[in-house]
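Novice:
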Amino acid sequence: MRKSGIYQYYVEGEDERSLLNTLKLDLRCIESGKIDKFNVIQSRFTTARMRTLKTGTTVVLVYDTDVEMNTKILDENIAFLKRQKGIKEVICIPQVRNLEDELVRACNIKNIVDLTKSLTKADYKRDLINCSNLSDRLKKCKFDITKIWAEIPKNNFKKYGNDSEKIKIKSKK
């Protein structure tokens, strides 16, 4: 069921942006919203970046958890976002370990190259970004929205939980 509101997604890379656009526009299984590439683990938000957000925006942070890092910048970013008057809510979505692992869990595939038909794992990201029929490939691999972003990391990132259910749109069956 669709929720109402304004959503702003911040993702680490072009491959996440490509996937989220497909999930949002073609498969219609996540809330619609603007998607920007911004690594919330390595870069700090600025007041200037916040000026573009409309009042009542829900900010969605999508980040990898495969590299055990100091979470200080993410802590600062979440605190900064929560202090902004125009932001309604901050949603954290950890990718346990990374996008590739999430897609393997959510699809009926053994290896990420099975999704993109890439020759090597190194070619996968480029192929995913350039894929013109990603929704068809996801359907063919039996993509299940309930299985992606469904875990909580077992490292320093576990303290943020996983709020992915807040953006997933459940289809009526």
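Just so we're aligned, residue -5 is where the sequence shown starts under our numbering, counting upward by one. For glycine and all other residues, C-beta sits at the position ideal for the given N, C-alpha and C. These numbers were taken from a predicted model, which means no experiment stands behind them.
#1: What separation, rounded to the nearest whole angstrom, lies between the Cα atoms of D108 and L17?
#2: Taking C-beta to C-beta, are I85 and L132 nearer than 8 Å?
#3: Which residue's Cα is closest to the Cα of F137: D20, T46, Y1 and D157?
#4: Around the Cβ of L13, are there at least 16 other Cβ atoms within 10 angstroms (buried) or fewer (exposed)?
#5: Note the first and the last residue of the continuous beta strand (DSSP E) segment covering Y57.
#6: Is the beta carbon of T72 less than 8 Å from the beta carbon of W143?
#7: Quick one: any contact between the stretch 148 to 160 and the stretch 116 to 127, if contact means 3 or more CB pairs under 8 Å?
Specialist: The structure says:
#1: Locating residue 108 in the sequence shown gives position 114, counting from the first residue. Locating residue 17 in the sequence shown gives position 23, counting from the first residue. Taking the straight line from one Cα to the other gives about 19 Å.
#2: Stepping through the sequence shown from its first residue, residue 85 is reached at position 91. Stepping through the sequence shown from its first residue, residue 132 is reached at position 138. Not in contact: I85 and L132 (Cβ atoms no closer than 8 Å).
#3: On the sequence shown, position 143 is the one that residue 137 refers to. Selected option, being the one with the closest Cα: D20.
#4: Along the sequence shown, one-based indexing puts residue 13 at 19. Answer is buried; the Cβ neighbour count reaches 16.
#5: Sequence index remark: in the sequence shown, residue 57 carries index 63 (1-based). Segment T51 to D58, the beta strand (DSSP E) holding Y57.
#6: The count along the sequence shown starts at 1 and reaches residue 72 at position 78. The count along the sequence shown starts at 1 and reaches residue 143 at position 149. First, the residue type needs correcting, since residue 72 is Ile and not Thr in the sequence shown. Taking 8 Å as the cut-off, the Cβ atoms of I72 and W143 do not count as close.
#7: Taking a contact to require three or more Cβ pairs closer than 8 Å, the stretch 148 to 160 and the stretch 116 to 127 do not qualify as touching.
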